[in-house]
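Engineer: The structure is given below, and queries will be raised subsequently.
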Amino acid sequence: MSDFSVSSNPETATTTSRTLNQLFAEMWRLNAHMRQEQAEIDRLKAETDALKQETIRQKAETQAIFARIEVIV
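Here it is, written out as structure tokens:
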């Protein structure tokens, strides 16, 4: 006999219902955790993009300073 057999036993139905409720609760918990993780990933991506833009700005500023120094020298 299979573990997945259908039974009209109320005890089995209660156990099955409890197990399904636990599984759904775990799915909701994992989904909430996944959403939090995705929000953190998105925040870090935005922070990385801002740092890249700042690096580009500082590089351009440094190159402009070096260009002015070369004109003076």
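Counting from 1 along the sequence shown, just add 64 to a position and that's the residue number in our numbering.
Backbone N, C-alpha and C define an ideal beta-carbon position, used for all residues, glycine too.
Could you tell me whether the Cβ of I136 comes closer than 8 Å to any Cβ of chain D?
Structural biologist: Of the protein chains in the structure, only one exists, and it is not chain D.
Engineer: Note the first and the last residue of the continuous alpha helix (DSSP H) segment covering N85.
Structural biologist: Per DSSP, N85 belongs to the alpha helix (DSSP H) from 74-136.
Engineer: Excluding five sequence neighbours on each side, which residues of the same chain lie with their C-beta closer than 7 Å to the C-beta of M98?
Structural biologist: None.
Engineer: Can you find the residues in the same chain that come closer than 6 Å, C-beta to C-beta, to A103, ignoring five residues on each side of it along the sequence?
Structural biologist: There are no such residues.
Engineer: Roughly how many angstroms lie between the CA atoms of E118 and A124, to the nearest whole one?
Structural biologist: The straight-line gap from Cα to Cα measures roughly 10 Å.
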